[in-house]
Structure formats: C-alpha cells, structure tokens
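Visitor:
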Amino acid sequence: MPTDQGLRDHSRWSPEPDYPAAHSMDTTFYAVDAHGNVAAFFSGETGPVPNEGSDLEFARFLRLLRGEPEPDDDDGDIDWDAAEDEALDRGFFLYEYIDSDVGFVHPYTRIGEPGPPVHLDQLPPAARAEVARARMPDADFAAAEKLQLVDQVACFFYSDEDVGYLTPGEKEVRPIPGREEKYLAALPAFKKQYPKLKFADAPPPEGKK
4 MPTDQGLRDH SRWSPEPDYP AAHSMDTTFY AVDAHGNVAA FFSGETGPVP NEGSDLEFAR
64 FLRLLRGEPE PDDDDGDIDW DAAEDEALDR GFFLYEYIDS DVGFVHPYTR IGEPGPPVHL
124 DQLPPAARAE VARARMPDAD FAAAEKLQLV DQVACFFYSD EDVGYLTPGE KEVRPIPGRE
184 EKYLAALPAF KKQYPKLKFA DAPPPEGKK
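Position in the sequence shown counted from 1, then plus 3, gives you the numbering used here.
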C-alpha cells in the first residue's frame with residue numbers, strides 16, 4: 004500500500020472539500036465496535052473514511068502500540084505485510100476497501116482476524132485514545148466479513164458523485180444520507196444499468212413532500 008494519509012475534519016456530507024486532491028491517497032484509520040474489539044481499516048484511494056477518526060499513519064500507530072518514541076527522522080516507509088501481521092498479533096481485526104466497476108460505495112471487506120482479539124481497554128493509553136475517536140456501536144468485527152461504513156459513522160466520501168451505497172450483502176443499494184435527491188433523480192438509470200441489484204426507495208428530501 005502507498006503511504007497513508009491523515010483524516011480531515013469535514014461536515015458529514017460536505018460536497019466541497021476545502022483542500023486540493025481530497026482523499027486521493029490511501030488512508031488508514033482505526034475504530035472500536037460494540038464489544039470493545041478494535042480494527043484497522045485501509046481505505047485505498049476511493050473508500051469512505053470517518054469524519055471523526057485517528058490521523059496517525061499505520062507505522063506511527065504501531066509504534067504507539069509498542070510504546071516506542073517517535074524517531075527523529077521518519078521517511079514514511081513501511082513493510083505492509085509485516086505491519087499487518089503485527090496488528091493481527093496485537094489483536095486487531097483488519098478491513099480493506101475493495102472497489103469494483105459497480106458505481107456505488109462498497110462495504111469494507113475483512114482481510115484479517117486476530118487470534119484472541121484485544122479489547123480497547125487493554126491498549127496503551129495513547130493508542131486507546133486514537134482508536135476511541137471512531138466508535139461503531141452497531142458493528143461486530145468478529146461477525147462482519149463485510150462492513151458498510153455508511154451504516155456506522157458519519158463519513159467523508161471520495162467523490163461528490165457518490166449517491167448510493169451497497170449494503171454488506173452487496174445486493175441492495177441505498178441512498179447516502181443527504182444525497183437523496185440526486186439518488187432519486189438517478190434511480191431510473193441505476194435500475195436499467197444494474198438490473199440484478201435491488202434499489203431502496205429514498206424518502207423525499209426534507210422540506211419536499
């Protein structure tokens with residue numbers, strides 16, 4: 004994976020990011036589920052990321068887990084295979100955003116399960132504080148092979164054109180909150196282009212009955 008990029012703080016459905024090349028590099032973020040289990044997520048170039056979440060690169064986060072100080076010089080290089088193995092050994096679940104030619108926001112796919120998972124409370128204080136910034140009270144990392152971020156937390160999206168998202172089974176499409184009007188306008192074309200998918204009807208945008 005390329006060097007990951009820190010998260011930026013945006014309003015929930017901000018259509019106009021205030022920085023260039025928004026979310027154009029891989030981002031790693033961390034979260035805790037309903038049971039206190041913890042996970043690292045790799046967004047790729049197009050996956051949604053939480054509005055509230057850690058801005059630590061993966062290598063720096065692992066140093067927090069080890070209790071190591073920041074080096075004087077950090078060139079950002081990382082052995083991703085070794086880093087992922089270390090995260091698994093330390094009890095983290097791993098998820099990755101895997102895109103396709105289907106034009107909707109996909110769920111994250113679980114790519115690694117730890118032996119015994121570590122509980123949030125068992126993490127070193129500094130690492131615990133980073134993970135706790137993104138809480139997913141409806142998620143269960145141990146059970147969820149697919150996890151749709153849109154159902155869990157307020158998100159920032161790679162593209163302003165994203166108006167629908169796939170549920171974890173990847174057979175149903177629902178409107179992204181705040182983008183229902185665009186979703187409804189595109190619905191006839193979506194149904195024609197993707198006849199095998201089920202499309203949820205969107206409620207009228209607030210103020211339009």
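Beta carbons: idealized from backbone N, C-alpha and C, even for Gly.
Given the structure is predicted, the values throughout are model-derived calculations rather than measurements.
#1: I'd like to know if the segment 51 to 61 and the segment 156 to 170 are in contact, where contact means that at least 3 CB-CB pairs between them fall below 8 Å.
#2: Helix, strand or coil, according to DSSP, for Arg177 in the structure here?
#3: Along the chain, where does the alpha helix (DSSP H) that runs through Val134 open and close?
#4: Straight-line CA distance for Asp80 to Phe202?
#5: Using 8 Å as the threshold, is the segment 159 to 177 in touch with the segment 61 to 70, meaning 3 or more CB pairs across them?
#6: Given a cut-off of 8 Å, decide if Asp36 and Asp143 are closer than it, judged by their beta-carbon atoms.
#7: Roughly how many angstroms separate the alpha carbons of Asp58 and Glu173, rounded to a whole number?
#8: Below 8 Å, how does it come out for the segment 144 to 152 and the segment 101 to 114: are there three or more Cβ pairs, yes or no?
#9: Enumerate in chain order the residues of its own chain whose CB-to-CB distance from Thr170 is below 7 Å, with the five nearest sequence positions on each side excluded.
#10: Report all residues from its chain with a CB closer than 7 Å to the CB of Leu91; omit the five preceding and five following residues, and keep chain order.
#11: Does Pro119 pass the burial test, meaning 16 or more other C-beta atoms within 10 Å, or should it be called exposed?
#12: For the segment 58 to 129, which segments carrying the alpha helix (DSSP H) assignment without a break, of at least 4 residues, lie completely within its bounds, in sequence order?
#13: Classify Gly39: buried if its beta carbon has 16 or more other beta carbons within 10 angstroms, exposed otherwise.
#14: At which residues does the beta strand (DSSP E) containing Ala34 begin and terminate?
#15: Are Val121 and Arg138 closer than 8 Å when you measure CB to CB?
Guide: A quick look at the data gives this:
#1: Three or more Cβ pairs closer than 8 Å define a contact, and the segment 51 to 61 meets that threshold against the segment 156 to 170.
#2: In the structure shown, Arg177 sits in a strand (DSSP, three-state: E or B).
#3: Pro128 to Val134 is the extent of the alpha helix (DSSP H) around Val134.
#4: Across the structure, Asp80 and Phe202 are spaced so that their CA atoms are roughly 42 Å apart.
#5: Short answer: they don't touch.
#6: In terms of Cβ geometry, Asp143 and Asp36 form a close pair [threshold 8 Å].
#7: Roughly 29 Å separates the two Cα atoms.
#8: By the C-beta criterion, the segment 144 to 152 is judged to be in contact with the segment 101 to 114, since at least 3 inter-stretch pairs fall below 8 Å.
#9: Result list for Thr170: Gln151 and Arg177, in chain order.
#10: The answer, listed in chain order, is Leu97, Gly115 and Pro117.
#11: By the neighbour-count definition (other C-beta atoms within 10 Å, threshold 16), Pro119 is an exposed residue.
#12: For the segment 58 to 129, whole alpha helix (DSSP H) runs of length 4 or above, ordered along the chain, are 61 to 69 and 83 to 92.
#13: Classified as exposed, Gly39 has fewer than 16 neighbouring CB atoms from the shown chains inside 10 Å of its CB.
#14: Segment Thr31 to Val35, the beta strand (DSSP E) holding Ala34.
#15: Annotated as distal: Val121 and Arg138, with beta-carbon spacing of 8 Å or more.
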